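Here is the structure we will look at.
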Amino acid sequence: MTVVKTKQSRNDDGLAAVVPAMAPPVVVRRRRKPLTWDKVSFFAVFLGLPLAIYLLFVIWPFIQAFGYSLTDWSGFSPTQNFIGFDNYARIFSDDIFMKAMGNNILLVIVLPIVTIILSLVLATMVTVGGSSKGQIKGLRNSSFYRVVSFFPYTIPAIAIGIMWGQIYDPSGGLLNGILTGMGLDQFKDFAWLGDKNTAMTATMFVIVWGFVGFYMVLFVAGIKGIPAELFEAARIDGAGRLRTAVSITIPLIRDNIQTAYIYMGILALDAFVYMAALNSGGGPDNSTLVMAQQLFFTAFSKGQFGLASAMGVVLAVATLIFSGLVFVINRLTGGDKDVSI
Amino acid sequence: MTTKVSTPEMKSLHFQPRKPATTPGDKLVGAVSHTALTIWSLIVILPLLWTFMSSFKTSSEIFASPFALPSQWRFDNYVKAWSEAGIGSYFLNSVVVVGSALVIVMVLGAMCAYVLARYTFPGSRAIYYLMLAGLTFPIFLAMVPLFFVLKNIGLLNTLPGLIIVYVGFALPFTVFFLFSFFKSLPHEITEAAALDGAGEWRTFFQVMLPMAKPGLASVAIFNFLGLWNQFLIPVSINAAGPRVLSQGLAAFAGQMGYAVDFGALFAAVTVTVVPVLIVYVIFQRQLQGSVSQGTSK
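The following block contains the structure:
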């Protein structure tokens, strides 16, 4: 709004007459008003208060963490010596932490892909699974599926973990009950979370279970935002369902997919709650140990706060690298320029 | 809808879709879709039902057969979980903490987003990006220093300390979401309010805030779920304080170890799950709406 409108400026003149004499000469720029008590207090409270809390309890700890990571601080010793990057060197030569990092990388690769594909397939079925004649329609009773699939998202992650811990229970669990009931007797007393070959897969399934419904709802919303004419046009041009999904639906909701990918990835780099609930000790052979668990243990059990902070920095850098990668790949493959989280 | 005289019958006549003929292909796709969705729904529901059913059993009944119905529907598991294991007081703590944090973060977040979205001043972009940065950084990084920040101001292991940290960490999401919402409200309204003599405060509380209600509701729902489910923050900075539900549940499960009262554990999980689930089923329409609002900008 740089264009000067005569009508507007006359309006401002009228306003200025009401404002006390201390007002500077009226300029035609909009929203340039003298500082009043009303305005000052407004800014102080509206911006100052939230910002103060945010800086003190979020930003300041983040900054401090970088500082701590360069010291040998144990948290309770009065001195903290600057030791440069020794903590980082220690982390990267620590086999257990590297194992945990490997597990996180595995999670980052598998979790987003499986969750997104599964929720995308279900969302597509819900929205365009109906008749191929007439209006584009979803399945009948599709809202039932949508509501039910969303259930896990409303359950606290720790409750999900505890519940599944019981389901995987070797002797009294639901899963082995079903499998032996189907005649697969080799699963009697099989410890899903106690065997290093299955522990990670079983854990990943729990996380997928918790999030598919949420992303399904997100994708359903995205698909419903696509104008129906596009689907109809594709249909008239003879595109089948699969073709429509691949060539119309996915490109048009790719921003949603990117958002989902980043959220799922960030979650996979954390994953603390699920791991803590399902195998609090890191699982057989540390097969489900993640960096966050190791950080928590180092900080609050061993009291090595300097070292733990360095682990936190590694985790943060990994998160940033991951988000950056997703953006770059999406951009390179022709995604939207705008970032929409 | 240009004509106002159309009667309901006309409308319904107009919108009556022709019954399209179903082809065999449609039927197949429909059947496959229904099957797949039904299977997934079962995968979601069965564990929940099983948990609910097991919460009425004794430990020995659970181990005897995972499927058998409880011999009698006993509620003493719930009594045990609620009072002996302390789930009741944890529940109350959670309600207090999440409720207070939610109210505070909605007010502060709305105010901050409003200022950032409607006023241009030096540094406003910088503040906005600072908020964005808070969204992407892992909470983990902040936990150790946060522990000492709270210790220094004497709020470690207290509910007020937990509340204020919840507010801080929910703020970026709230601001980010409401920012675009306030941005979309027309400027003429602020001008009209100013002409009518409303100050900045009144304009916000009496004009803008009521207009932002739909946006506020969506953010509040997501903040509620996020804070209610929060686990890492309480176990880090409230480990020795009055427990919240997620924390208490974990402690209950951990302390039992092998010494087993699984019925009570299932009851505790059920108590945690069911209230939110019921609220969700009642408000699911609004929630689905807010998901679409949050993503289709």
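So the protein sequences, as listed, match chains H and Y.
For the first sequence, position 318 matches number 318 in the working numbering, and the numbering has no gaps at all.
All you need for the working numbering is the position in the second sequence, starting with 1, plus 1000.
The beta carbon of each residue, even a glycine, is placed where N, CA and C say it ideally should be.
For clarity, every value in this text was computed on a predicted model and none was experimentally measured.
Contact annotation for residue 39 of chain H against chain Y: 1200 [CB-CB distance below 7 Å, chain order]. A distance below 8 Å between beta-carbons, with the five flanking residues on each side excluded, links residue 326 of chain H to the following residues of its chain, in chain order: 258, 261, 262 and 265. About 50 Å separates the beta carbons of residue 1051 of chain Y and residue 1203 of chain Y, which is beyond the 8 Å limit, so they are not a contact pair. With a threshold of 8 Å between beta carbons, residue 209 of chain H makes contact with chain Y.
The Cβ atoms of residue 1266 of chain Y and residue 1054 of chain Y lie closer than 8 Å to each other. In the three-state DSSP reduction, residue 82 of chain H falls in the strand class (E or B). Nearest CB-CB separation between residue 316 of chain H and chain Y: below the 8 Å threshold. Residue environment analysis places residue 113 of chain H among the exposed positions, since fewer than 16 neighbouring C-beta atoms fall within 10 angstroms of its C-beta. Straight across, the Cα-Cα distance linking residue 1156 of chain Y with residue 1147 of chain Y is about 7 Å.
Using a C-beta cut-off of 8 Å, the region 1071-1081 of chain Y makes no contact with the region 1235-1243 of chain Y, since fewer than three inter-stretch Cβ pairs fall below that distance. With 16 or more neighbouring CB atoms inside 10 Å of its own CB, residue 215 of chain H falls in the buried class. In the DSSP assignment, residue 1074 of chain Y falls outside any alpha helix (DSSP H), carrying neither H nor E. Each residue's CA atom was taken as its position, placing residue 1162 of chain Y and residue 1097 of chain Y some 7 Å apart. The secondary-structure analysis by DSSP pairs residue 71 of chain H across a beta bridge with H:82.
In this structure the region 224-235 of chain H does not lie against the region 73-88 of chain H, because fewer than three pairs of beta carbons, one per stretch, are closer than 8 Å. According to the DSSP assignment, residue 1169 of chain Y belongs to the alpha helix (DSSP H) that extends over 1159-1184.
For residue 145 of chain H, the three-state secondary structure derived from DSSP is helix. When DSSP states are grouped into helix, strand and coil, residue 253 of chain H belongs to the coil group. In the three-state reduction of the DSSP assignment, residue 1083 of chain Y falls in the helix class.
If you look at residue 161 of chain H, you'll find it in the alpha helix (DSSP H) that goes 157-167. Spanning the alpha carbons of residue 1200 of chain Y and residue 1106 of chain Y requires a straight line of approximately 19 Å. Counting C-beta atoms within 10 angstroms of its own C-beta, residue 98 of chain H has fewer than 16 neighbours from the protein chains shown and is therefore classed as exposed. Taking 8 Å as the threshold, the shortest C-beta distance from residue 231 of chain H to chain Y does not fall below it. In the three-state scheme derived from DSSP, where H, G and I count as helix and E and B as strand, residue 184 of chain H is classed as coil. Only 1108, 1109, 1111, 1112, 1114 and 1115 from the region 1099-1115 of chain Y bring a Cβ to less than 8 Å from some Cβ of chain H. For residue 308 of chain H, the chain Y residues whose C-beta falls within less than 9 Å of its own C-beta are 1143 and 1144, listed in chain order.
In this structure, DSSP gives residue 241 of chain H a helical state, which the three-state scheme calls helix.
Under the 8 Å Cβ criterion, the region 92-110 of chain H counts as touching the region 294-314 of chain H, having at least three qualifying pairs. The beta-carbon of residue 281 of chain H is placed no less than 8 Å from the nearest beta-carbon of chain Y. Listed in chain order, the positions of the region 1220-1245 of chain Y with a beta carbon within less than 9 Å of a beta carbon of chain H are 1225, 1228, 1229, 1230, 1231, 1232, 1235, 1236, 1239 and 1245. Bounds of any alpha helix (DSSP H) do not take in residue 288 of chain H, whose DSSP letter is neither H nor E.
Within chain Y, the residues 1029 have their CB atoms less than 8 Å from the CB of residue 241 of chain H, given in chain order.
Cβ atoms of residue 64 of chain H and residue 1138 of chain Y stay farther apart than 8 Å, at about 15 Å. Where residue 1057 of chain Y is concerned, there is no enclosing alpha helix (DSSP H), because DSSP gives it neither an H nor an E. Listed along chain H, the residues sitting closer than 7 Å to residue 1040 of chain Y by beta-carbon distance are 122 and 149.
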